[in-house]
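The working numbering numbers the first residue of the sequence shown as 1 and each following residue consecutively. Read through the structure below, which is laid out as structure tokens, and then see the notes.
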Amino acid sequence: MSQQSTGSAPEASAFDVEAVEAKWLPVWERLQPFEADDAAVESGAREKRYALTMFPYPSGDLHMGHAEVFALHDVISRYWRLRGYEVLNPMGWDSFGLPAENAAIRNDSHPATYTYGNIETQAASMRRYAVSFDWSRRLHTSDPEYYRWTQWLFLKLREQGLAYRKNSPVNWCPQDQTVLANEQVLADGTCERCGAEVTKRELTQWYFRTTAYAQELYDCLDDLQQTWIGKVVNAQRNWIGRSEGAHVRFAVEGREEPITVYTTRPDTLYGATFMVVAADAPLAAEIVAPERREALEAYVQQVRKASDIDRLATDRAKTGVDLGVTATNPVNGEQLPVWASDYVLADYGTGAIMAVPAHDQRDLDFAREFDLPVRQVVDTGEGDPAETGVATSGDGTYVNSPLLEGVADKATGIRTVVERLEADGTGEGTVNFRLRDWLLSRQRYWGAPIPIIHCPEHGEVPVPEDQLPVVLPELRGADLKPKGTSPLGAATEWVEVACPTCGGPARRDTDTMDTFVDSSWYFLRYLSPHDQTQAFSSEAAAAWGPIDLYVGGDEHAVLHLLYARFFTKALRDAGLLTWDEPFSAYLSQGKVINDGRKMSKSLGNGVDLGEQLDAYGVDAVRLTLVFASPPEDDIDWARMSPAGSQRFLQRAWRLADDVTSEPDVDPADGDVALRRATHRTVRDAEELVESYRFNVVVARVMELVNATRKAIDSGCGPADPAVREAVEAVAVLLSMVAPYTAEEMWERLGHQPTVARAPWPVVEESLLVQESVTAVVQVKGKVKARLEVSPEIGDADLEAAAMADPAVQRALEGQTVRKVVVRAPKLVNIVV
């Protein structure tokens, strides 16, 4: 019978949401049912599943977006646990970053005050929201105990040649006063965090050599295509931007070294009529004729005011400076004028291009602006670009190309020219990538300090491991304001140190690391979060990794996922990991919008999660979010009905009080029809959860609740063991979505908590076999008969049965049958 050891239950006539939540939270806190057992996995006693959702930034309380991703993530993690897997499902906070620092400046406080206050608020909300996290592994990236190992990993990558410092033009946010990686600049050329227009500055910065893994990062996407959603894989593939082409060397007058150009179309070399060098590349300043130097310098000052996005825009007016030198085209010996322009980027390829204006629109626009020659070398049948003003990029027959004249195959053309270049020693076939190295240093305070000391004699000296972490000094309010350089530079006592190598006066590096460094390895720290001897246990990583499912948003389709993949490959090569990719499968959720628009306070359509939870309860909100749509689709909250979800949960809960049979009763003698419905629902749930169709799982549970209520009310009776079997299945299935309701039902059914550790219902295959199905017979599109037939019936037999039915025969009187469409075993459509 029902055991009331957990506290007093609500009355059967009313489901008191607030009382149920208040009752079960302390029970779960005491039982801690979601702590993962490392020993069980490392010993092989139980098969593992590592379920991970992106950890949040602590800016205020949880919002509707958090509510959606946590509800979806919890379905799969609870499902795995019910299926008998040992599940690792940790949670932490990505707690370094600009929002906390800017808030501290406004309030004349310390960023930790803002950060850790919000963390506690979010942690309380997560517990109330009943997500099945293993709280024993909680971490915060701003804890010295965490960023000690972020610094250690930085030094590890530096040992491998994967972290380095160089001077180059970088993206600069004038509002946040810090550099940005290319990935942090939006398509319109603005900062992703504050929206300010990004400019360029020449600075010495730290980089991770992500390009060292460009090919592998690209190749592994073929395997991930099977388990990641396509748009995320495509975003990664496009950002890496692999292309095959050739390096071509152009001899330059007055310069010993030739200019090397990368091109994907070496077959169009005969159409090159000028060259363009990135105006802000060192090459431009190196080769410019003395009489043109002043003009170039003035132009470069103008160029640095534009973002890379602006510079690459196809509709932007073309500008440039003639450098006063020429280069030799290696296939025909022509002397090509060399120009500097902003539509070529210094960090793409070699920072120089051969311009083939007939077949590249930007080159053509530039040629028309400065009256440079245009020569068509591929006849596509679209007209001569010199006359139409429209470049042609399609395939066709080569013209004006002595080596290729009359050839009509692009692959043959490329191969022929590359072979000529290689034979002459003026070029070779190669592969190029759009991916650039990751600029990781930031001129802000609230981040992990870069563990390097700059010594006048010994240069860059790593902080010894026994001196890690390099802890941030205590700065507050006005002291945090950036002035174009890091505020850490003003912390004299912190900055000025002795060189670890010679003991002489030296200075700490005053930049901090991009917060994406913290989130590139946090999933590894969860494996051994309290280990003070190492960043993570390689043994635990081998046992638990890689992550079986990662759940997050599309906004991280490039940045975070790419960086985490890079870190994984680098740590594998350092001997710390045995796997190649961090996330075996990735599930991306849509957004929660309201009334067709993104939720926003300024638009007046924001939805407060706390208010929704207070009004309808946690379970109703979770159920609504899961039931609304497939995970990848957006959810319009204005069209949702949490009140309807609440009513359904009450109907499900009442079933538990209707059961009068004992917990261990054998269901074999129970109502067969209800048992069939129960076992079919469980089997469907297995298939649906594993294909991430969580909304359909909810629909199936709703159908089972209705079928059970109908069975009870139609004479089956509450004592029938099939009723208990059905209601217990409802409780177990519902626990993935509505844990409070399911726990209450489980207790009322006479079981000890917690339902989260209940066994998955066993499906009897014999109950899945249908003895008959209902076939619908239509005449002129209207249903005239319903036939109970064997599921195995063939088209011919079903047609014969339909034509023999009296009701069908009456409908056909005086009619000529033109066509009979049969879809055995469920449909016959007779056309007259």
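Ideal Cβ positions, reconstructed from N, Cα and C, are used throughout, including at glycine. No experiment lies behind these values; they were computed from the predicted model shown.
Query, Result
"Complete runs of the alpha helix (DSSP H) confined to the region 212-246 [at least 4 residues]", "214-219, 221-224 and 230-240"
"Helix, strand or coil at M354 [DSSP, three-state]", "strand"
"Burial state of H530, where buried means 16 or more other Cβ atoms lie within 10 Å", "exposed"
"Inter-residue Cα distance where the pair is A423 and P330", "12 Å"
"Collapsed DSSP secondary structure at M64 in the structure displayed", "helix"
"Which listed residue (G552, Q532 and L527) has its alpha carbon closest to that of A541", "L527"
"Where I830 falls: helix, strand or coil (DSSP)", "strand"
"Proximity below 8 Å, CB of L62 to CB of L787", "no"
"Runs of alpha helix (DSSP H) lying entirely within the region 273-310, each at least 4 residues, in chain order", "282-287 and 293-303"
"Pair within 8 Å by beta-carbon distance, D518 and D94", "yes"
"Three-state secondary structure assigned by DSSP to M91", "strand"
"Proximity winner among Y522, E460 and S43, relative to T204 (alpha-carbon distances)", "E460"
"Start and end residues, alpha helix (DSSP H) containing H560", "L559 to D573"
"Sheet register partners of M513 (DSSP bridge)", "S441"
"Collapsed DSSP secondary structure at D658 in the structure displayed", "helix"
"Sequence ranges, beta strand (DSSP E) only - wholly within the region 412-465, length at least 3", "427-433, 452-455 and 459-462"
"Alpha-carbon to alpha-carbon, R654 and G552", "35 Å"
"H140 - partner residues in DSSP beta bridges", "W93"
"Which listed residue (A506, D466, V470 and G489) has its alpha carbon closest to that of H458", "A506"
"From D37, T512 and G65, residue whose alpha carbon lies closest to that of M599", "G65"
"Length of the line joining the Cα atoms of L562 and L440", "14 Å"
"Sequence-distant residues of its chain with Cβ nearer than 7 Å to P174 (five each side left out)", "A196 and T199"
"DSSP three-state assignment for Q205, whether helix, strand or coil", "strand"
"Delimiting residues of the alpha helix (DSSP H) encompassing N102", "L98 to N107"
"C-beta atoms of V431 and E297 nearer than 8 Å", "no"
"Residue range of the unbroken beta strand (DSSP E) whose run includes P721", "Unbroken run through P721 is the alpha helix (DSSP H), P721 to L734; no beta strand (DSSP E)."
"Alpha-carbon to alpha-carbon, A726 and E662", "14 Å"
"Nonlocal neighbours in the same chain, by C-beta distance under 7 Å from A665, ignoring five residues either side", "The sequence given here places Val at residue 665; Ala does not occur at that position. Once the five neighbours on either side are set aside, the close Cβ partners of V665 are P721 and R724."
"Collapsed DSSP secondary structure at I793 in the structure displayed", "coil"
"Reference A738, options T178, E581, F627 and Y213, closest by Cα", "F627"
"Cβ-based burial, C455 [other Cβ within 10 Å; buried from 16]", "buried"
"Contact the region 320-327 vs the region 221-232: 3+ CB pairs below 8 Å", "no"
"Unbroken alpha helix (DSSP H) run spanning D684, endpoints", "V672 to E690"
"Cα-Cα separation, L472 to W80", "41 Å"
"Three-pair Cβ contact test at 8 Å for the region 261-275 versus the region 406-424", "yes"
"Under 8 Å between C-beta atoms of Y262 and V377", "no"
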